[in-house]
Each structure stands twice: as structure tokens, then as C-alpha cells.
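In this note's numbering, the protein residues as written are 110 to 263.
Just so it is clear, CB atoms sit at the ideal spot from N, CA and C, and this is done for glycine as well.
Because the structure is a prediction, the values reported are computed rather than measured.
Structure representation (C-alpha cells):
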């Protein structure tokens, strides 16, 4: 997580992925191109973060974790089946993942997203208890490693 020192849901998600040995850095960001338009007035700040959108995104991330826990329960010990099922979950969550990566790229949105994710802390802990052992048991499974690389790390 960014140097905010926050612990909570986002940190727990990172831990769950790291346990699997598959945590990855986000896509490399290119340096912004030089602007060819006139600069905005000095008093114009960034647009405000849409808290409702960040709340919906946090809710979506919770749903992804719930689906992951269901996969782990249904496929316990079958790493190949876990990889296939998680790929389906992640494919269906691609819009959520894209939005999470976009929020992560914006420090203000990132902070609001973390706050919204923290609302789910009590719900996430038992989900991670269900997800973690399956990821740990399959941490060396190449297909699962590949699938887990698609999950954003905030």
C-alpha cells in the first residue's frame, strides 16, 4: 500500500495474494507527455473524488472476495480447478479490476477507496480465512499464479 501506513481490508487483500506467492506490481506507468495545451489556472485543483463510485467499487471488490471464497470451498485441494474457476471470476470482474487500478493511480481516489474498503473489514476477515489456505496450498501451481497476477494489488 502507498506510504499511508493504513492497515485493513486492502492490506488483507495484499496479504492473501502474497501468501500465494503471486503478488505483482501494477503495470508500468509511462511518464506523462508534455502538454500542448495551456495550463489550468493555479487555483484549479483536481476534480473531487466520487465517493459513491469508490463505495460501489469497494462493494464490488468484496463480491470478488466472496466469489473467491466460494471457489476455495468448492474446489479445496484441486489447484487446477481453482485456477480455472478463479479465472472465470476474474474475467467477470475485469471492469471492477480496471476501476481499482484507475483509482490506485490517483492518490486521492486511492485514499477514498481504502476508506470505503475498510467499511468491509469485518466481512473480509472470514473470507480471507477461507481463501488463504487454498492459495497457500496452490502457491506453486503455474496456472493459479498466472490467474492471480490479474487481481489488482492496492
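#1: Mapping DSSP to helix, strand and coil, what is residue 264?
#2: Just confirm the distance between the C-beta atoms of residue 185 and residue 243, as a whole number of angstroms; I'd bet it's less than 8 Å.
#3: Going by other Cβ atoms of all chains shown within 10 Å of its Cβ, with 16 needed for buried, is residue 234 buried or exposed?
#4: Between the C-alpha atoms of residue 103 and residue 182, what's the straight-line distance to the nearest angstrom?
#5: Give every residue of the same chain whose Cβ lies closer than 7 Å to the Cβ of residue 232, excluding the five residues on either side of it in the sequence, and list them in chain order.
#6: As a quick exercise: from 253, 220, 257, pick the residue whose alpha carbon is nearest that of residue 187.
#7: Helix, strand or coil for residue 189 per DSSP?
#8: Going by C-alpha to C-alpha distance, which of 158, 225, 191, 167 sits closest to residue 178?
#9: Output needed for residue 159: all residues of its chain with C-beta closer than 6 Å, excluding positions within five of it in sequence on either side, in chain order.
Considering the structure as presented:
#1: Residue 264 lies beyond the stretch modelled for the chain, which goes from 110 to 263, so this question has no answer here.
#2: Indeed, because the Cβ distance is near 6 Å, the residues count as touching under 8 Å.
#3: exposed
#4: Outside the shown range of the chain, which is 110 to 263, sits residue 103, and nothing can be said about it.
#5: 171
#6: Among 253, 220, 257, the Cα nearest to that of residue 187 belongs to 253.
#7: helix
#8: 191
#9: none
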